[in-house]
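Working notes for the structure below.
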Amino acid sequence: MAEFQLPPGSRISNDGKTFKAPEGAKKVRRFQIYRFDPDSGQNPRVDTYEIDMAACGPMVLDALIKIKNEIDPTLSFRRSCREGICGSCAMNIDGSNTLACIKSCADVKGADVRIYPLPHMPVIKDLIPDLTQFYAQYAAVKPWLTTRSPAPPDGERLQSKEDQEKIDGPSACILCACCSTSCPSYWWNSDRYLGPAALLAAYRWIVDSRDDSTGERLDALEDPFRLYRCHTIMNCTEACPKDLNPARAIGEIKRLIAGRRH
Amino acid sequence: MRGSTPLGKVIGYGSAKDGAGHWWVQRVTAVALVPLTIWFLLSMASLPLADHAAVTGWMRQSLHAVPLAVLILTLCWHARLGVQVVLEDYVHHHALKITSLLLSTFVHALVAATGVFAVLRIAFAA
Numbered sequence: 007m008a009e010f011q012l013p014p015g016s017r018i019s020n021d022g023k024t025f026k027a028p029e030g031a032k033k034v035r036r037f038q039i040y041r042f043d044p045d046s047g048q049n050p051r052v053d054t055y056e057i058d059m060a061a062c063g064p065m066v067l068d069a070l071i072k073i074k075n076e077i078d079p080t081l082s083f084r085r086s087c088r089e090g091i092c093g094s095c096a097m098n099i100d101g102s103n104t105l106a107c108i109k110s111c112a113d114v115k116g117a118d119v120r121i122y123p124l125p126h127m128p129v130i131k132d133l134i135p136d137l138t139q140f141y142a143q144y145a146a147v148k149p150w151l152t153t154r155s156p157a158p159p160d161g162e163r164l165q166s167k168e169d170q171e172k173i174d175g176p177s178a179c180i181l182c183a184c185c186s187t188s189c190p191s192y193w194w195n196s197d198r199y200l201g202p203a204a205l206l207a208a209y210r211w212i213v214d215s216r217d218d219s220t221g222e223r224l225d226a227l228e229d230p231f232r233l234y235r236c237h238t239i240m241n242c243t244e245a246c247p248k249d250l251n252p253a254r255a256i257g258e259i260k261r262l263i264a265g266r267r268h
Numbered sequence: 005m006r007g008s009t010p011l012g013k014v015i016g017y018g019s020a021k022d023g024a025g026h027w028w029v030q031r032v033t034a035v036a037l038v039p040l041t042i043w044f045l046l047s048m049a050s051l052p053l054a055d056h057a058a059v060t061g062w063m064r065q066s067l068h069a070v071p072l073a074v075l076i077l078t079l080c081w082h083a084r085l086g087v088q089v090v091l092e093d094y095v096h097h098h099a100l101k102i103t104s105l106l107l108s109t110f111v112h113a114l115v116a117a118t119g120v121f122a123v124l125r126i127a128f129a130a
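Protein chains in written order, with this note's numbering: chain A, 7 to 268; chain B, 5 to 130.
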């Protein structure tokens, strides 16, 4: 059955530590952060860090870096570009999956800022999920151009402006995994359901006017689990920090598969 | 589950090349159920439901018995497809999944057959 309770070793204990704000802090905000260290043999816990926002950058990633640099160097998280293009710092902030670098602390409505790793993924340490399967799902949709027609002898394969516009949206995906890990169908069946990110990538090649394997791509997706686990609840579109629409892409794939039958 | 590498596990035994028919029929039956359900509810609202003779008299007319039988069949078919989705979503133990799918199919078929039989029996009663 689908599991509605975490296995015993993954349940959050009440052993969280609290790191007080320094004396004279002007604008204190509490950050509650999920902590898990597989080497400790202990269950995960939630640590509380009091941050003086007067001495901290505006984004959640700024606060995380401040914590790691000044308060607790053991805190682990992925980050790189700090401008929403690498997708490394995807995590669950205030109950929603998003990128820490483009999520403003001021936009978190509650008193505390709650930060957890992406939901329902194996946790390597603290806020770092294991994305091995997620990347394998991306690889499985063959995210590259496949052609049978030879390229023009004197130049590249050209595309009309309209055809390019069809792939502008889906090719802006940064594979941060916010969408797939916000999807209950992905939580329950990620071993067989490809998830919104991989399906958006598949759609990007299905609608590419230069690609010659549209039929084979649709064949590979037509499966009760790979594609049809999507029930269009649109958590993916809601979560996407790049404002893309994986739910619409999945709907289009279903429409194309239904369309070729008639 | 087949495969020893992450990619091998995702690819598994490949696509079942199935699911589009299920998806399509679920939508066709949903569309059919809109007018059928509205018709049924309006008819029930206009009938004195406490009066057994009046209701069976209404069912006896071909113009009512035929769409009523169609409603029962469509509803059961649609429900059977919907329950299948729920079972596939949540029941992961393979043998349990197959057994519950089988049971669901039998129960829906039984309900459909009983419903249609009841309509016919009333419709053809002297």
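The C-beta atom is built at its ideal place from N, Cα and C for all residues, glycine as well.
Model, not experiment: these values are computed from the prediction.
| Check | Outcome |
| --- | --- |
| Against chain B: residues of the stretch 138-165 of chain A by CB proximity under 8 Å | Thr138, Gln139, Tyr141, Ala142, Gln143, Ala145 and Ala146 |
| Residues near B/Ala69 in its chain [Cβ-Cβ closer than 8 Å; skip 5 each side] | Met63, Val123, Leu124, Ile126 and Ala127 |
| Beta-carbon spacing of A/Lys33, A/Met59 below 8 Å | yes |
| Assigned secondary structure, A/Gln38 (DSSP; H/G/I helix, E/B strand, else coil) | strand |
| Beta-ladder partner(s) of A/Ile121, from DSSP | A/Ile39 and A/Ile99 |
| Interface residues of the stretch 6-34 of chain B facing chain A [CB-CB below 9 Å] | Thr9, Pro10, Leu11, Gly12, Lys13, Val14, Ile15, Gly16, Gly18, Ser19, Ala20, Lys21, Asp22, Gly23, Ala24, Gly25, His26, Trp27, Trp28 and Arg31 |
| Spatial distance of B/Gly7 from B/Glu92 (CA atoms) | 22 Å |
| Chain-order list of residues whose beta-carbon lies under 6 Å from that of A/Ile256 (same chain, five-residue window excluded) | Leu205 and Cys236 |
| Alpha-carbon spacing of A/Pro230 relative to A/Ala96, whole angstroms | 29 Å |
| For A/Ile57, the residue or residues it bridges with in DSSP | A/Arg35 |
| Member of A/Pro28, A/His126 and A/Ser46 whose CA lies at the smallest distance from the CA of A/Tyr55 | A/Pro28 |
| Touch test, the stretch 25-37 of chain B against the stretch 82-91 of chain B, Cβ-Cβ under 8 Å, three pairs minimum | yes |
| Counterpart residues of B/Thr60 in DSSP-defined beta bridges | Bridge partners of B/Thr60: none, in fact. |
| Residue-level contact to chain A via CB, B/Asp55, 8 Å cutoff | no |
| Residues from the stretch 227-238 of chain A in contact with chain B, defined by Cβ distance under 8 Å | Leu227, Glu228, Asp229, Pro230, Phe231, Arg232, Leu233, Tyr234, Arg235 and His237 |
| Nearest neighbour of A/Lys115, chosen from A/Arg36, A/His268 and A/Gly93 [CA to CA] | A/Arg36 |
| Chain-ordered neighbours of A/Ser191 on chain B, where CB pairs are closer than 9 Å | Asp93 |
| Three-state secondary structure (DSSP) of B/Leu100 | helix |
| N-terminal and C-terminal residue of the alpha helix (DSSP H) that B/Val90 is part of | Ser66 to Tyr94 |
| Residue of A/Cys242, A/Pro252 and A/Gly30 minimising C-alpha distance to A/Ser102 | A/Cys242 |
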